[in-house]
Every structure is written in C-alpha cells, then in structure tokens.
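Going by full-length UniProt numbering, the sequence shown opens with residue 1, and the numbers climb by one from there.
Even for Gly, the Cβ is constructed at its ideal location relative to N, Cα and C.
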Amino acid sequence: MGRGQELNETREETTMTEPHTPKPFRRPFRRPFRRRTLGLMVAASCALSVLPNLALAQGRKPPLTMAIGIEPLTLDAGRVSGGADYMFFGNVFEGIYSHDIDGKLVPGLAEKATVSADGLTYDVTLRANAKFHNGDPVTAEDIRFSWERGVDPKIRNPRANVILNNITDVEIVDPLHVKIKLKKPDASFLDNSDQYWYIVPKTYIAQVGDEEFARKPVGTGPFKFVEFKVRSHLKLEGFEQHWGRVPAVSEVTMKIVPEEQTRLAQLQTGEVDIAAGITPVIAPTLKRLASVKIASVPTFENIAIGINAAYSSNPDLKKPEVRQALNLAVDREALLKTVMLGYATLSGPPCAQGVEGCTKGNVPGPYAYDPKKAREMLKAANFDFSKPLRYVALAPGRAPQSKEIGEAVAGMLSKVGIKSEMSVLDYGAWLAMYGAKVKDPNVDLFFSTLTDYNPDPSGRITRLFRTGGVFSWFNDPAIDEKLDRINNFVSVDERRAFLNGLWTDLHTQAPQIILWSTTTIYGMSKKIDWEPSHNVSWPLLWNVKKTV
1 MGRGQELNET REETTMTEPH TPKPFRRPFR RPFRRRTLGL MVAASCALSV
51 LPNLALAQGR KPPLTMAIGI EPLTLDAGRV SGGADYMFFG NVFEGIYSHD
101 IDGKLVPGLA EKATVSADGL TYDVTLRANA KFHNGDPVTA EDIRFSWERG
151 VDPKIRNPRA NVILNNITDV EIVDPLHVKI KLKKPDASFL DNSDQYWYIV
201 PKTYIAQVGD EEFARKPVGT GPFKFVEFKV RSHLKLEGFE QHWGRVPAVS
251 EVTMKIVPEE QTRLAQLQTG EVDIAAGITP VIAPTLKRLA SVKIASVPTF
301 ENIAIGINAA YSSNPDLKKP EVRQALNLAV DREALLKTVM LGYATLSGPP
351 CAQGVEGCTK GNVPGPYAYD PKKAREMLKA ANFDFSKPLR YVALAPGRAP
401 QSKEIGEAVA GMLSKVGIKS EMSVLDYGAW LAMYGAKVKD PNVDLFFSTL
451 TDYNPDPSGR ITRLFRTGGV FSWFNDPAID EKLDRINNFV SVDERRAFLN
501 GLWTDLHTQA PQIILWSTTT IYGMSKKIDW EPSHNVSWPL LWNVKKTV
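The following block contains the structure:
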C-alpha cells in the first residue's frame with residue numbers, strides 16, 4: 001500500500017476480605033422419602049436446571065471467570081510498566097488503530113487514516129459512534145490530550161519514546177478529524193498506535209485528576225473497569241455501547257491465582273471457565289480431561305537468557321566471542337523437546353518468525369549446539385572459569401517454564417566448565433530489576449522476556465538493545481546508530497532489507513542467549529468457544545462465547 005493511500009510499566013493497596021469457606025456438608029439420617037415428596041423434588045430440580053438456558057433465551061449474557069497467574073502493576077494507560085498490564089489494558093483501552101485476531105492491522109477508534117507522501121503527516125478520521133465508558137463521545141480533543149498527557153514528564157510514561165515523542169503536533173481539524181504531525185517518518189506508527197498510545201478521556205481526567213483516574217480508569221474498549229482487589233481479582237463489565245466489539249459475556253472476573261496447580265484445579269471443578277498461563281508440562285494433562293480443552297496460539301513473545309554485556313562487574317561478558325560461546329553451549333533443540341514439549345518456535349536472531357525483517361532465510365538460524373567449540377572459544381578469550389556467573393531467574397506465572405529454563409541452561413553451561421549461581425525473583429521484583437534505570441553490576445545473566453506487540457519490532461528492539469533502553473543491558477555504538485534509523489524509511493522494501501541486516505548484526509553480537517518465541521496455552525471449559533488472538537501473550541476476551 002503506497003503513501004497517500006487509505007490505511008485500512010502506582011499500585012493501590014486495598015483491603016481484602018477473607019473468602020467465605022462453607023462447612024463440609026454432612027447428610028443427616030432421614031427416613032426414606034415418600035413418593036410424593038420425591039416427585040416434588042424431581043420437578044423442582046428440573047425447573048432449576050432450565051433456568052440458565054431460560055436466562056440466555058431472555059437475552060441475559062452469562063458471566064465469565066478466568067484464573068490468571070499475575071496481576072497488573074498499574075491501571076493508568078499512560079504508565080504501562082510490563083506485559084502483565086496488558087491483560088487489563090488490552091481489554092479496557094484502545095488506540096486509533098488495532099489488530100484483529102490474526103494480528104492484521106485494522107482501524108480502531110479511527111474510521112480511516114491516510115499518510116502524506118513524505119511520511120510526516122497522518123490524516124485521521126475518528127468513528128462517530130466511539131464512546132468512553134462514562135458515555136462521553138471520543139473526539140479530536142481526546143486524541144490531542146492523550147498525546148500531551150503521554151509525553152508529560154510528570155506522568156513518566158515508560159513507553160513515550162516508542163511513538164509519542166516523535167509527534168510534533170496533533171492538529172484538531174474538527175471534532176472527528178485530526179492531523180498528526182511527526183518529526184521524522186515512522187513506518188510503524190499505526191501498528192504501534194495500538195498498544196503504545198491508548199486514548200484516554202480528557203474531560204473525565206480533568207474532573208477527577210490523574211491519581212483518581214489510576215484508581216478508577218475509564219477507557220473505550222469492549223470491557224469497562226469495575227474493581228481491582230490486589231492479590232484477589234480484577235473485575236470488568238461488558239461495554240454494550242462499544243462501536244464494534246460488544247462482548248458476548250456480561251462480565252469478566254480475573255482471579256489472581258499464582259499457583260498453576262490451583263488454576264488447574266479450579267478449572268477442573270468449574271470454579272473458573274478459563275485458566276491462563278498453562279505451561280507445556282500441564283497441557284498434556286488437560287488434553288486427557290473430558291471436561292476441558294486447550295487452545296494454543298503462537299506469539300511474538302521472545303524468550304532468552306539476557307547477558308549483562310554493558311554493566312556486569314565480570315569483564316568477560318563484554319567480549320562478543322564469550323557471548324557467542326555461551327550461545328553455542330546451549331542445546332536449544334533439547335530444551336524445546338524436554339522443557340517446552342514443542343510449545344515454542346526457535347529463534348536465530350532475537351525476534352519471532354513473522355516479525356518485520358525476521359523472515360526465515362533472510363536472517364541467520366539458531367546457534368548450533370557445539371559445546372566443544374564453545375569451550376575452545378572461552379579458552380581463547382581467557383574466560384575466567386573460576387568465577388561463577390550470577391543468574392536471576394523469574395518465578396512461575398509470567399512466562400512458561402521460566403524457572404525450569406534457567407535451571408536447564410545452567411546445567412548446559414556447566415558442561416563447558418561455566419559455574420553459575422541462581423536466584424529466583426517473583427514477577428514484581430524481577431521487573432524492577434530488569435527495567436531498573438541503573439542496572440545491577442552483580443547480575444551477569446537473567447531471564448529475559450519481551451513481546452513484539454505487533455509485527456513491527458520498533459516498539460521493542462530499541463528498549464531492549466539500544467544503549468540506555470529501559471530493558472537494555474547492552475552497549476554497542478554501531479547497533480545504536482542503526483536503531484536510530486530504524487523508522488527513517490518511506491519504502492517498505494528498503495526498510496525490510498535494513499531490518500534483515502540489523503537482526504543479523506544482533507545475532508552476531510549475541511547480547512542474549514537467544515532461545516525462542518512462545519506459544520501461549522489456555523485451558524478452558526468445553527462450554528467456552530474462544531479463539532485467542534495470535535501474536536500477543538495476554539488474553540483479549542471480546543470474542544469469548546459461553547454456553548450454559
């Protein structure tokens with residue numbers, strides 16, 4: 001599609017009440033039922049059994065309950081801190097453009113958009129029927145305000161650099177028409193407007209303030225916020241006035257259940273309809289159960305063992321040949337079979353298949369397993385085998401097999417003589433370490449996961465590999481120079497070729513022990529009809545259907 005054509009990471013502690021636990025039921029001794037009494041009970045039972053179907057016939061939608069492993073760290077759409085937050089934001093907020101369940105770019109709050117020949121101006125027409133959850137219409141004022149708020153230093157938006165800081169102005173043409181002007185061309189602008197520029201209500205925030213908005217957020221998505229109880233649950237309600245994706249369920253309760261076995265038990269007993277965060281080792285068990293089923297979808301979530309190449313107190317990690325040797329020491333095929341049970345796709349460069357510029361055949365494949373060569377390269381680089389590498393693992397809940405991956409990799413490194421010391425952090429502590437402004441020199445290796453939220457990599461790659469990036473533990477001026485030019489293209493083909501080269505350079509520099517992109521697995525009741533969205537690793541629930 002040519003230029004000028006139409007383009008179709010503060011948490012509030014809350015008081016929780018203990019859930020009521022009913023006393024065990026004991027059947028008292030009774031005389032045999034009389035026939036008449038039994039007949040009345042059977043009749044009553046039959047009457048009760050049809051109530052759910054009667055409710056559906058009368059147009060009442062069923063509720064949905066879901067068990068998730070981790071909870072969002074913020075509810076403010078301008079302060080996204082990590083991937084877990086998108087379980088909330090992806091259902092409650094929207095951008096001007098969106099993606100369908102196959103990951104294709106589609107209009108969101110915008111009805112249409114055109115881009116100028118020089119790539120610097122996006123002419124956007126908004127949907128006339130788009131509304132916020134409080135009933136206010138979405139207008140050009142909200143688009144401009146969402147940009148101004150997103151770049152306001154007091155908001156401290158950790159994602160502002162992705163697209164918002166490249167905007168020079170949002171010109172209001174009329175209530176449903178804006179012109180978005182950029183400092184430099186950005187080929188990923190509309191793709192990234194989905195997860196990196198959520199539209200928020202100007203009037204509501206002006207009335208209640210930023211802190212109240214963070215406690216009681218108002219968006220435009222298929223679901224509206226009801227309540228959040230820390231370490232308990234997140235409750236959403238279907239938004240019946242949504243412009244195009246009205247949910248088929250009345251409400252969603254996301255129960256926060258860190259233990260996978262507990263999520264599995266709740267699914268089996270019918271306490272929840274869907275269990276998220278199912279690991280590959282549990283999936284075969286679910287397949288054998290008569291009352292449940294699984295759904296698995298490929299994602300753009302990249303899994304690796306990060307290497308502290310820039311800030312570690314161990315100088316060996318600054319050497320590319322040492323980092324390459326670490327990659328050669330890991331048997332990815334064995335890990336894929338034994339740890340992931342096939343629920344992943346191996347990566348060559350640090351990108352998922354299908355991401356722009358990361359097409360198989362145009363970039364290097366995965367590092368081959370060669371422990372002999374790895375040992376030789378380490379010796380040639382004068383690697384200090386006496387010093388253990390300090391590895392920080394991620395506790396279960398956020399990414400599949402996160403702890404087991406670290407243990408298995410440590411075992412493989414030991415076979416080439418590398419010692420390691422592993423510590424495990426829960427999600428909140430791990431994220432704070434991972435994205436700390438000042439990186440810890442006492443960390444050598446760490447579990448790394450970061451998602452390409454759409455097929456364009458620019459939202460992730462700079463944060464992960466550019467010097468000073470929020471999740472970057474790497475420093476290479478030549479890579480920085482290329483990252484700074486990643487969007488300076490009008491030609492799609494020229495940009496794709498440029499990205500091929502950039503991915504190849506990152507493969508050679510080996511800032512990570514590159515592993516794979518994940519497959520997200522959900523367990524669900526057979527009463528659920530749902531195709532999870534591809535590419536993303538969090539649940540988008542607008543298309544869930546439930547029979548009773």
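Can you tell me the Cα-Cα spacing of residue i and residue j, whole angstroms?
i, j, result
"Leu431", "Val490", "35 Å"
"residue 554", "Pro201", "Residue 554 lies beyond the residue range present for the chain, which begins at 1 and ends at 548; the question has no answer from this structure."
"Glu71", "Ala84", "6 Å"
"Trp473", "Leu289", "44 Å"
"Pro511", "Pro349", "10 Å"
"Phe385", "Pro477", "29 Å"
"Arg398", "Leu483", "28 Å"
"Trp530", "Arg263", "18 Å"
"Ala393", "Ile514", "15 Å"
"Gln261", "Ala381", "45 Å"
"Asp194", "Gly108", "8 Å"
"Arg26", "Thr65", "Since pLDDT at Arg26 reaches only 35, below the 50 mark, its modelled position is unreliable, and the value read off the structure follows with that caveat. Going by the C-alpha atoms only, they are around 29 Å apart."
"Ala410", "Ile163", "38 Å"
"Glu259", "Glu404", "15 Å"
"Ser533", "Ser517", "15 Å"
"Gly221", "Tyr369", "46 Å"
"Lys546", "Ile521", "19 Å"
"Arg60", "Lys179", "42 Å"
"Phe132", "Ala325", "53 Å"
"Ser250", "Pro217", "19 Å"
"Thr125", "Asp174", "9 Å"
"Gly103", "Phe383", "44 Å"
"Leu38", "Glu271", "Its pLDDT being 30, under 50, Leu38 is placed unreliably in this model, and the coordinates cannot settle the point."
"Ser537", "Gln401", "14 Å"
"residue 549", "Asp123", "Past the boundaries of the shown model lies residue 549; the chain is included only from 1 to 548, so the question cannot be answered."
"Asp316", "Ala265", "46 Å"
"residue 565", "Thr359", "Any answer about residue 565 is impossible in this case: the structure gives the chain only from 1 up to 548."
"Val50", "Lys437", "Annotation note: pLDDT 41 at Val50 (below 50); position unreliable, no value reported."
"Ser312", "Pro320", "14 Å"
"Leu541", "Ser296", "15 Å"
Let me make sure I understand the geometry here. Which of the options has the alpha-carbon closest to that of residue i?
i, options, result
"Val246", "Thr253, Gly238 and Val252", "Gly238"
"Pro371", "Lys415, Val409, Asp174 and His507", "Lys415"
"residue 636", "Lys183, Asn543, Asn134 and Ser402", "For residue 636 there is no data in the structure shown, the boundaries of the chain being 1 and 548."
"Glu94", "Thr114, Thr504 and Ala130", "Ala130"
"Ile167", "Ile155, Arg156 and Trp197", "Trp197"
"Arg375", "Ala187, Val392, Gly417 and Gly406", "Gly417"
"Ala77", "Pro175, Lys184, Asp136 and Arg215", "Arg215"
"Asn535", "Ala283, Tyr453 and Lys318", "Tyr453"
"Glu171", "Arg156, Leu190, Asn157 and Ala140", "Ala140"
"Pro158", "Arg144, Leu413, Ala128 and Gly435", "Gly435"
"Arg127", "Val138, Ala117 and Ile294", "Val138"
"Ser146", "Thr114, Ser188, Gly90 and Ala206", "Ala206"
"residue 551", "Gly361, Val297, Asn161 and Gln509", "As displayed, the chain neither begins before 1 nor continues past 548, which places residue 551 out of reach and without an answer."
"Leu176", "Gly306, Gly150, Val151 and Ala113", "Ala113"
"Phe471", "Asn488, Arg485, Arg323 and Lys439", "Lys439"
"Arg460", "Cys351, Arg149, Asn165 and Ser116", "Cys351"
Per DSSP, residue i is paired with what?
i, result
"Trp516", "Ile303 and Leu346"
"Tyr391", "Met422 and Leu445"
"Ala113", "Val124"
"Ala295", "Tyr522"
"Ser188", "None, per the DSSP bridge assignment."
"Thr451", "Glu301"
"Asp169", "Lys181"
"Lys439", "Note: Lys439 sits in no beta bridge, so no partner."
Measuring CB to CB, does residue i end up less than 8 Å from residue j?
i, j, result
"Pro366", "Arg332", "yes"
"Ser525", "Ser291", "yes"
"Ile479", "Phe465", "yes"
"Ser448", "Ala309", "no"
"Val257", "Ala395", "no"
"Leu425", "Met433", "yes"
"Val363", "Thr504", "yes"
"Leu190", "Leu105", "yes"
"Pro457", "Glu356", "yes"
"Met340", "Pro284", "no"
"Ile101", "Asp273", "no"
"Thr462", "Phe300", "no"
"Ala187", "Val492", "yes"
"Ser232", "Asn302", "no"
"Ile199", "Asp152", "no"
| message | Restricting to runs no shorter than 4 residues, where is the alpha helix (DSSP H) found entirely within the segment 215-293? | response | 260-269 and 283-287, all fully within the segment 215-293.
| alpha helix (DSSP H) runs contained entirely in the segment 465-532, provided each spans 4 or more residues | 477-483 and 492-509
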